[in-house]
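This report refers to the structure that appears directly beneath it.
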Amino acid sequence: MEILRQRREHWHGPLTACAAAMAVLAAVSVAGLAVDERTLLGQAVWLKPFKFAVSFGLYAITLAWMIGRAGRFRRTLWWLGTVVVGGFVVPEISAIVFQAARGVRSHYNFSTPLDETVFMVMGGAAYLG
């Protein structure tokens, strides 16, 4: 058990925190699926945030583990991992959850200036990430 604890301490902290936050968001999305009956294009509005939370959570925990195992370029990888979380994952998942809470499409939604701005922020984060 001590070996696992020592190794986990070397994992990338911001990515590990991101994975934990995505687990919480997945649980909140499941609750949303249970209590919110709204649908959009035939699917529950909280299904997309759930899928993205699971996907980003797996992505983040995998990167956190890989960066912790790196021998060379560890500082550069740590910095890049932090940029991935702060610059790409957070804006994209925030936009998806925001649009789900509003009950509107998150992707390719140009219905209003707000929807267009949200999509551009989300698309830019996804493109750069």
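Using the numbering used here, read the sequence shown as starting at 1 and increasing by one per residue.
Think of the CB as a built atom: it goes at the ideal place given N, C-alpha and C, for glycine as much as any other residue.
Could you check what DSSP says for residue i in three-state terms: helix, strand or coil?
i: L58; result: helix
i: L40; result: strand
i: A70; result: coil
i: F88; result: helix
i: S111; result: coil
Can you give the Cα-Cα distance for residue i and residue j, rounded to whole angstroms?
i: A26; j: A17; result: 14 Å
i: M122; j: E116; result: 10 Å
i: V83; j: P91; result: 12 Å
i: A53; j: M22; result: 5 Å
i: E37; j: R72; result: 50 Å
i: R105; j: L40; result: 7 Å
Are the CB atoms of residue j and residue i within a distance shorter than 8 Å?
i: L128; j: V85; result: no
i: I93; j: F56; result: yes
Among the candidates the options, whose CA atom is the shortest distance from the CA of residue i?
i: A60; options: L80, G71, G103 and G32; result: L80
i: G124; options: V30, G42, L47 and G87; result: G87
i: K48; options: Q99, V35 and A34; result: Q99
i: V30; options: V97, P113, L41 and V89; result: V97
i: V118; options: A95, S111 and A126; result: A95
I'd like the list of long-range same chain contacts for residue i, defined as Cβ closer than 7 Å, with 5 residues on each side in sequence excluded.
i: A162; result: The question about residue 162 has no answer, for the chain in this structure spans 1 to 129.
Using a Cβ-Cβ cutoff of less than 6 Å, which residues in the same chain neighbour residue i once the five nearest sequence positions on both sides are dropped?
i: A64; result: W11, H12, L15 and T16
i: V45; result: R38, A100 and G103
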